[in-house]
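Everything on this sheet refers to the single structure shown next.
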Amino acid sequence: MTALTVRQMASARIPTAQGIFELVLYHSNQDEKDHLVLLHGNWQEVDELLVRVHSECQTGDIFGSLRCDCGPQLNAALDRIARAGAGAVVYLRQEGRGIGLLDKLRAYNLQDEGYDTVEANLLLGHGPDERDYSIAALILRDLGIQRIRLMTNNPHKIEALQAEAIEVNERVSLETGVNPENLAYLQAKRDQMRHLLQLDNFTEVKLGAPKEARPLVTLSYAQSLDGSITVTRGQPLAISGPQSMEMTHRLRADHDVILIGIGTLLADDPSLTVRLVEGRSPQPVILDSNLRFPLEAKLWRHPAHKPWIATVGPADPERKAALEALGATIFELPADAEGKVSLPHLMTALYAKGVERIMVEGGACVITEFLLQRLVDRVIITVAPMFVGGLNAVGSLKRLNGHGLPSLQNSSVHRLGQDMVLVGDVAWGRRENGEMTA
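Just so it is clear: in the sequence shown, position 111 is 173 by the numbering used here, and no numbers are missing.
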C-alpha cells in the first residue's frame, strides 16, 4: 500500500482584509488534490500555534450560503489569527464533509424534503462525515508545527489530529451564528456528530463582526410592561423570573466582557458572574467617569477577573493608585461632549485588548448612550408581566432628530416562564410606510 504523502508545490504572499498571509499549496497522493495553508505572522516562533483545519465549502466560503456556518467560521478564524499575530489555516479540499459538491447539492435537496444533514448523507450512500484529517497532520508536520491551539467545535477533529501525533493543547470555540436556514444543520451536528455547540433557546444567535473595527455589542436587560427597569434611580428591583435569569447567565458566558455603569454598580453591587449555568464568567468593565468605584465592592472578589474601569483621563492619581493596588486595570480615555467616557474610544481600546463580544446590561444612562452612539448590534430584552411606573430603560433619543432611529430586524419573541423575551438585530434608519430607510 502506497504511503500517504504531501508535497509542497508553491507559495505566495496573499494580502487579505484581515492582513498579510502566505498561501502555500500542497499536493497529496491520497486524493490527487491540491490542499492549501494560509500562514500569518511569525508562526515559526510560536510554541502552541493558533490553527484552524477547515474543509472546503464552495457554497459557504465563496457564495455566502446561510445553510451552514462554514464561511463565517473561515472568516472568523482568519480574524482571530490576524489579531493573535500568528497562526495557520489548513484548507482541505474535502467538499461536503468529503462527499463532493455533486452529492452535497443532492443532500441539500433531501434536506429541503425534511431530512437532516446526517440522514441525507446516509440516503446517498455516504457516511455522516467522510473527511480524513491525516493530510492536515502531514502538512502541519511538514511545516514543523507540532503543538497547536485548534479552532474547532468538532471533537472528532481533535481526536483525529491527536491520533496523527499532533498535540492539541487547547480547543478554541468557533461558534459564529445561528439563523433559520442553518439551525437544523447545527442541531444535527450537535446531536448526532458530537459537535460542541450551544443552541439552547436563542442566546447563541450571533451576528458577524461589525463593519467598523470594534467588538460586537449585545444590549440585554429586563424591564416591566411599561418599560421600567426600577422604581427609582439607585433602587434595585428584581424583574426577571428564574428562567430568564438563567438565560441571562447563559448570555454572559457567551461574551468576553460584561459592561455596566457606575450607577448600577453603586446601586446593586453586582457580582457579574456566571452562576446559574455552566460557563466562564466574562471580564467586568465599569464605566466610571470620575473613579467612584467603591473599594469594598463585590467585584473585587470576582473568581476570575479583576475589574477593568473606564474613566476620563487624566484620572486622579491617588484614586487611580488605590484601585490599581487592588488589581484594577484603568482605561484613561477622552471625554465626550458631556464630560463622560467616550464610548467609541472605549470600544477601540477593548478591541485592541482582544475583546470580540460585549454584553451591556445597564443602567438606563448607559443603555441610552450606546443607542445614541449607534454602538448596539443585537438586543435581548426580557419583559416581565408587571407594571412599575418607574425609571425607563431608554431615555431620550431626540439627539437623533428622528433620523437613524434604532429598529429591529430578524426579530423573534420567546416565552421563558412568565416572561417574554424579545430578540433582534439592530438596524439604524427610519420607518416609512413600513419600510426602513437610511
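Note that the Cβ used here is the ideal one computed from N, Cα and C, for glycine as well.
Item: Would you list the residues sitting across from Asn454 in a DSSP beta bridge?; Value: Ser290
Item: Between the region 226-240 and the region 107-116, do three or more beta carbon pairs fall short of 8 Å?; Value: yes
Item: Considering only residues of the same chain and omitting the five flanking positions on each side of Thr78, which have a CB-CB separation below 7 Å?; Value: Leu140
Item: Give a yes or no on contact between the region 275-293 and the region 391-402, applying the rule of three or more CB pairs nearer than 8 Å.; Value: no
Item: Could you tell me whether the region 377-387 touches the region 414-431, where touching means 3 or more Cβ pairs closer than 8 Å?; Value: no
Item: Which ranges does the beta strand (DSSP E) cover as unbroken runs of at least 3 residues, wholly within the region 86-110, from first to last along the chain?; Value: 96-103
Item: To which residues does DSSP link Ala284 through a beta bridge?; Value: Thr444
Item: Which residue spans inside the region 275-358 form an unbroken beta strand (DSSP E) run of at least 3?; Value: 278-285, 290-292, 319-323 and 345-349
Item: Nearest CA to the CA of Leu164: which residue from Asn183, Val152, Gly147 and Thr410?; Value: Asn183
Item: With which residues is Met213 paired in a DSSP beta bridge?; Value: Val234
Item: Which residues in the same chain have their Cβ closer than 8 Å to the Cβ of Val267, if we skip the five residues on either side of it in sequence?; Value: At Val267 the pLDDT is 43, less than 50, meaning the model places this residue with poor confidence and gives no usable figure here.
Item: What three-state label does DSSP hand Gly496 in the structure shown?; Value: Here the model assigns Gly496 a pLDDT of 45, short of 50, so the residue's position is not dependable, and the following value carries that caveat. In the structure shown, Gly496 sits in coil (DSSP, three-state: anything other than H, G, I, E or B).
Item: What are the boundary residues of the beta strand (DSSP E) that Gly149 is part of?; Value: Ala148 to Leu154
Item: Are the beta-carbon atoms belonging to Val319 and Leu437 less than 8 Å from one another?; Value: no
Item: Return yes when the Cβ of Val115 is within less than 8 Å of the Cβ of Val31, no when it is not.; Value: In the structure displayed, the chain extends from 63 to 500; residue 31 sits before or after that span and is not available.
Item: Can you list, in chain order, the residues of its chain whose CB lies under 8 Å from that of Val427, leaving out five sequence neighbours each side?; Value: According to the sequence as given, residue 427 is Cys; it is not Val. Excluding residues within five positions, the ones whose Cβ falls inside 8 Å are Gly323, Gly325 and Gly457.
Item: Give me, in chain order, the residues of the same chain whose beta-carbon lies closer than 7 Å to that of Leu128; leave out the 5 immediate sequence neighbours on both sides.; Value: Asn241, Glu243 and Asn244
Item: How long is the line joining the alpha carbons of His311 and Arg354, rounded to whole angstroms?; Value: 26 Å
Item: For Thr265, count the other beta carbons within 10 Å of its own beta carbon; 16 or more makes it buried, fewer makes it exposed. Which is it?; Value: Residue placement at Thr265 is flagged as unreliable, the pLDDT there being 48, under the threshold of 50; the coordinate-derived value follows with that caveat. Its Cβ being crowded by 16 or more others within 10 Å, Thr265 is buried.
Item: Select from Pro376, Leu154, His257 and Gly424 the residue whose C-alpha is nearest the C-alpha of Leu200.; Value: Leu154
Item: Measuring straight from C-alpha to C-alpha, what distance separates Ser306 and Ala284?; Value: 9 Å
Item: My guess is that Val405 and Phe449 are in contact by the Cβ rule of under 8 Å, so how many angstroms apart are they, rounded?; Value: Looking at the sequence provided, one finds Leu at residue 405 rather than Val. About 31 Å separates the two Cβ atoms, so there is no contact after all.
Item: Identify, in the order they occur along the chain, each residue of the same chain with its Cβ nearer than 8 Å to the Cβ of Leu186, setting aside the five sequence neighbours on each side.; Value: Ile161, Asp165, Arg168, Ala169 and Leu172
Item: Which residue comes first and which comes last in the alpha helix (DSSP H) that contains His407?; Value: Leu405 to Ala414
Item: Alpha carbons only, please: which of Arg211, Leu87 and Val445 is nearest the one belonging to Pro304?; Value: Val445
Item: Return helix, strand or coil for Gly424, following the three-state DSSP convention.; Value: strand
Item: Out of Trp370, Leu470, Asp253 and Asp194, which has the shortest C-alpha to C-alpha gap to Ala225?; Value: Asp194
Item: To which residues does DSSP link Thr373 through a beta bridge?; Value: Glu394
Item: Give the straight-line distance between the Cα atoms of Ser117 and Asn137, rounded to the nearest whole angstrom.; Value: 13 Å
Item: Is it buried or exposed, Ser235, if we count other Cβ atoms within 10 angstroms and call 16 or more buried?; Value: exposed
Item: Where does Gly206 sit, in a helix, a strand or coil, going by DSSP?; Value: coil
Item: Near Asp481, what residues of its chain come up, given a Cβ to Cβ distance below 6 Å and the 5 sequence neighbours on each side ignored?; Value: Gly303, Ser306, Thr444 and Ala446
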